[in-house]
Amino acid sequence: MPKRKVQKSIENFCSGKSEVGLVKAEEKNGQSRAKRARTTKATGENKQKDVIPINKMDTDYSKINFKCERKSADGKSWNLKISSWNVVSLKAVTNKNGMEFLKKESPDIMCFQETKCNEKKAPEQAKVPGYQRYFVSGEKEGYAGVALYSKLKPIKVDYGIGDKEHDKEGRVITAEYDKFYLVTAYVPNAGRGLVTLPKRMKWDPIFRSYLKKLDAQKPVVLCGDLNVAHKEIDLKNPSTNTRTAGFTQEERDGFTALLNEGFIDTFRHLYPDKTGAYTYWNYIGNARSRNAGWRLDYFAVSQRLINSVCDNVIRNEVYGSDHCPITLFISL
1 MPKRKVQKSI ENFCSGKSEV GLVKAEEKNG QSRAKRARTT KATGENKQKD VIPINKMDTD
61 YSKINFKCER KSADGKSWNL KISSWNVVSL KAVTNKNGME FLKKESPDIM CFQETKCNEK
121 KAPEQAKVPG YQRYFVSGEK EGYAGVALYS KLKPIKVDYG IGDKEHDKEG RVITAEYDKF
181 YLVTAYVPNA GRGLVTLPKR MKWDPIFRSY LKKLDAQKPV VLCGDLNVAH KEIDLKNPST
241 NTRTAGFTQE ERDGFTALLN EGFIDTFRHL YPDKTGAYTY WNYIGNARSR NAGWRLDYFA
301 VSQRLINSVC DNVIRNEVYG SDHCPITLFI SL
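At position 84 of the sequence shown (counting the first as 1) the number is 84 in full-length UniProt numbering, and the numbers step up by one without a gap.
Right, dumping it as structure tokens:
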């Protein structure tokens, strides 16, 4: 017997293994592999089918239909287009060609949330011609912030909601127009582990009161990242997220309270039973490619405006952020 084989046999003997045992083990492994191969062939399984598709990164604007032919309940065509998008950094989305959306959609009013910069630090590419720009940012650099771009000159623009604790974070811009107020907001997130849920619970009634005061003067269009999936239909996995930020009963009740004050969730009004309609997808696990998302971004309008709404479109084909833009078509 060759020296190497003798040495191997001695090692196997000392370790309690035998040549016969090794042969049987190898035969068993071979049979298992053969069995797996037969099973795979018989069932038509393919490992490639188990691979999670990668999230898309680039937007193909040529495949997006930006037209709206739907009319309002009053039978009128839209004459005002408003878009909203949580960009999670205006600089980052600009680097990802995000301003192309503004050019292609060409809304009369464009609202950005989580800009993370003031106007002075906004990238040059974000200064799209034809729009007057209004920014508010927080005291903490690189955090929160919202911006409003408008082709129409507002009568007046206000920043914040009149509450020092929340206004220092730069979360709200209000623009007054002839027939309505536009409010764009980045609502506080309850945080990982719900550590900032108490802060959110303070915010909701203050913000609701602010909107009610505006509504007493003129009808209101509210848009932005409201950081709540209102109903189970508004997220992919409701049963496993009841204590996750954005779907706690407390946050959902807060949104219900807003609706009870006379505001209408335009998307759910138009599409009460539509499933799989989301505006946010976690980057983890390629959630967007699987459409495992949440509807966190809204247009909510005063009740007396609802018959003027033509459509509320979710632009889920637009990439560049973990949120996608939404657009409201309305006749005013």
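We put the beta carbon where it would ideally sit given N, CA and C, even for glycine.
Quick caveat: nothing in here was measured; it's all calculated off a predicted structure.
Taking a contact as a CB-CB distance under 8 Å, the pair Val220 and Leu211 counts as one, their CB atoms being some 6 Å apart. Under the DSSP definition of a beta bridge, Ala175 partners with Val157, Leu182.
Here DSSP, grouped into helix, strand and coil, assigns Asp234 to helix. DSSP, read as helix, strand or coil, puts Arg252 in helix. Taking the C-beta atoms as reference points, Thr115 is found nearer than 8 Å to Gly145. By a beta-carbon distance limit of 8 Å, Arg290 does not contact Thr279. Their separation comes to about 15 Å. With 16 or more other CB atoms across the displayed protein chains lying within 10 angstroms of its CB, Met110 is buried. Closest by C-alpha distance to Val195, out of Glu232, Arg243, Lys120, is Arg243. Around the C-beta of Met57, fewer than 16 other C-beta atoms lie within 10 Å, and the residue is accordingly described as exposed. In the three-state reduction of the DSSP assignment, Ile330 falls in the strand class. Cβ-Cβ separation between Ala190 and Ala245: approximately 4 Å, consistent with a contact (criterion under 8 Å). The residues Tyr298, Phe299, Ala300, Val301, Ile306, Val309, Asn312, Leu328, in chain order, have a CB closer than 8 Å to that of Thr266 in the same chain once the five nearest residues on each side in sequence are set aside. DSSP places Ser137 outside both helix and strand once states are collapsed to three, so it counts as coil. Within the same chain, Cβ atoms closer than 6 Å to the Cβ of Asp167 are found at Gly160, the five residues on either side in sequence being excluded. When DSSP reads this structure, Tyr280 sits in a beta bridge with Trp294, His323.
Rounded to whole angstroms, Ile54 and Glu250 show a C-alpha spacing of 34 Å. Pairing Leu226 with Leu152, the inter-Cα distance amounts to about 25 Å. In the three-state DSSP reduction, Asn79 falls in the coil class, being neither helix nor strand. In the DSSP annotation of this structure, the continuous segment of the alpha helix (DSSP H) that includes Val93 starts and ends at 90-95. Taken atom to atom, the span from the alpha-carbon of Pro272 to that of Pro325 is near 20 Å. In this chain, the beta strand (DSSP E) harbouring Ile314 covers 309-314.
Burial is judged here by how many other beta carbons sit within 10 angstroms of a residue's own beta carbon; Tyr149 has at least 16 and is buried. Secondary structure of Ser302 (DSSP, three-state): strand. According to the DSSP secondary-structure assignment, Val146 is paired through a beta bridge with Gln113, Val136.
Per DSSP, the beta-bridge partners of Phe263 are Ser302.
Put simply, of Tyr131, Glu124, Glu165, Phe180 the residue whose alpha carbon is nearest the alpha carbon of Lys140 is Glu165.
Annotated as proximal: Ile155 and Tyr177, with beta-carbon spacing under 8 Å. Nearest to Pro129 by alpha-carbon distance, out of Glu100, Asn118, Thr275, is Glu100. For Ser106, the three-state secondary structure derived from DSSP is coil. When DSSP states are grouped into helix, strand and coil, Asp273 belongs to the coil group. Look at Leu197 here: in three-state DSSP terms it is helix.
Pairing Ala277 with His323, the inter-Cα distance amounts to about 12 Å.
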